[in-house]
């Protein structure tokens, strides 16, 4: 057996071993057919195609199984839970946006009054603190607090935190 | 009708391959050679047909000491369905749909 064919066989064999129970028969069938494929490159193409086919078959099945495991069976129940989760996440994002706006307005207005000496020398620092520092700290603390009891909302807040951080990094990279 | 969507040309090729000798069992690699379809295209089609009970699959142990091979053939429902799909009336309708789709 040539090195190319051996490699193709190993690749497909490893996928067969990890295939989900419902695709096990198909995976073994594809592996067995590999013995009859003519040419080494033909064999490697067969193996690659088989791996793709197995992934295309397994991924939706596994996803469905995971959703059913998490939310239970029954399409209506699944949809209801997904709606609930989406609403929770949206609430999280809305709350995070409100917190950020409040932080921005209050800190930018309060800083010159509370710390007049900061206004000139540390204007940029105060801005970053108001736009990124305080909101991020609040988001993280809130997400940690809510994680056990209201996970979708916590996930929404974390999503907002990640988006804000990504935006800040992008701004720093492009504007210096 | 089991499939609501129009069948892809590849699926029709597979149906044709099975229709040549509908009672015979066929190997995956032989179907691949006859149709020119790669394994990544062929097997998802075979899986879907088997899931819809249009195709039956079995293991053939031809040579002792060697692992069995997976073989396939139409179920009675599958055969009826394939003949229906390949009837001139259905083909004409499919061609018309494609033509209208191209014009739009």
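Residue numbers (my numbering), protein chains in the order written: chain A, 471 to 646; chain B, 97 to 200.
A virtual CB, placed ideally from N, CA and C, is assigned to each residue, including glycine.
As the structure is a computational prediction, the values presented were derived from the model and not from experiment.
By the 9 Å beta-carbon criterion, what residues does the segment 516-536 of chain A contribute toward chain B? Cβ contacts with chain B: 516, 517, 518, 519, 520, 521, 522, 523, 524, 526 and 527.
Under 8 Å: do the segment 485-496 of chain A and the segment 508-515 of chain A share three or more Cβ pairs, one atom per stretch? no
Could you give the distance in angstroms between the alpha-carbon of residue 163/B and the alpha-carbon of residue 617/A? 51 Å
List the DSSP bridge partners of residue 166/B. 155/B
Near residue 109/B, what residues of its chain come up, given a Cβ to Cβ distance below 6 Å and the 5 sequence neighbours on each side ignored? Hits under 6 Å: 131.
Measuring CA to CA, which of 595/A, 561/A, 556/A and 602/A is closest to residue 573/A? 602/A
With residue 601/A as the anchor, note down where its alpha helix (DSSP H) starts and where it stops. It is not in any alpha helix (DSSP H) - residue 601/A carries neither H nor E in the DSSP assignment.
For chain A, is any of its Cβ atoms less than 8 Å away from the one on residue 99/B? Caution is warranted here: a pLDDT of 48 is assigned to residue 99/B, below 50, making its placement in the model unreliable, and the coordinate value is therefore given only provisionally. It does not; no Cβ of chain A falls within 8 Å.
Taking the straight line between their C-alpha atoms, what separation do you get for residue 98/B and residue 612/A? Because residue 98/B sits at a pLDDT of 49, beneath the cut-off of 50, its placement in the model cannot be relied upon, and the following sentence gives the value as read from the coordinates. Rounded to whole angstroms, residue 98/B to residue 612/A spans 51 Å at the Cα level.
Residue 183/B CB to nearest chain A CB: under 8 Å? no
Contact belief for residue 629/A with residue 565/A at Cβ below 8 Å, rounded distance in angstroms: No, residue 629/A and residue 565/A are not in contact; Cβ-Cβ is about 11 Å, not under 8 Å.
Using alpha carbons as the reference points, say which of 563/A, 614/A and 597/A lies closest to residue 579/A. Measuring from the Cα of residue 579/A, the nearest candidate turns out to be 597/A.
Within-8 Å CB hit, residue 136/B to chain A: Answer yes: the Cβ-Cβ gap between residue 136/B and chain A drops below 8 Å somewhere.
What residue from 514/A, 499/A, 622/A and 497/A has the CA that sits closest to residue 551/A's CA? 622/A
So, using beta-carbon positions, are residue 124/B and residue 519/A closer together than 8 Å? no
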